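J.:
Numbering (the working numbering), first residue to last: 4 to 85.
(1) Using a Cβ-Cβ cutoff of less than 8 Å, which residues in the same chain neighbour residue 42 once the five nearest sequence positions on both sides are dropped?
(2) How is residue 38 classed by DSSP in three states: helix, strand or coil?
(3) Quick one: what's residue 63 bridged to in DSSP?
(4) Restricting to Cα atoms, I'd like to know which of 28, 61, 37 and 85 is closest to residue 77.
(5) Compare the Cα-Cα distances from residue 22 to each of 14, 57 and 75 and report the closest residue.
(6) Alpha carbon to alpha carbon, what distance is there between residue 74 and residue 55?
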C-alpha cells in the first residue's frame, strides 16, 4: 500500500517580520435625513432638489469639478450654464 503524497505547508513567517496589514474598513456614507430633502413651510412641502426629466427621480447636485445635476437612476446629467 502506498501512502498519499504529503501536502507541503507554506513557510512560516520569519521571526520579527509581520504579515501584510489587514485592509482598512471603508468609510461609512453620511446618510441624509428625509427632512433635509424637503423644505417645509406651513402645510406645504417643496422638494429642494430637482426631479429628473427622463425618469422622475430626485437628482443630486454636484459642485466639483463642474457644476451639474446628476440622476442616480438613469445617469442623466444636466450641466449648469456658465
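By construction, the Cβ of each residue, glycine as well, lies at the ideal position given by its N, Cα and C atoms.
Since the model is a prediction, treat every value here as computed from it, not as a measurement.
T.: According to the structure data:
(1) Residue 42 sits at position 39 when you count from the first residue of the chain shown. 48, 49, 50 and 51, listed in sequence order.
(2) Along the chain shown, one-based indexing puts residue 38 at 35. Helix, per DSSP.
(3) The sequence position of residue 63 within the chain shown is 60, counting from 1. Beta-bridge pairing links residue 63 to 73.
(4) Translated into positions along the chain shown, residue 77 becomes position 74. Closest by alpha carbon: 61.
(5) On the chain shown, residue 22 is found 19 positions in, with the first residue counted as 1. Selected option, being the one with the closest Cα: 14.
(6) Locating residue 55 in the chain shown gives position 52, where the first residue counts as 1. Locating residue 74 in the chain shown gives position 71, where the first residue counts as 1. Taking the straight line from one Cα to the other gives about 6 Å.
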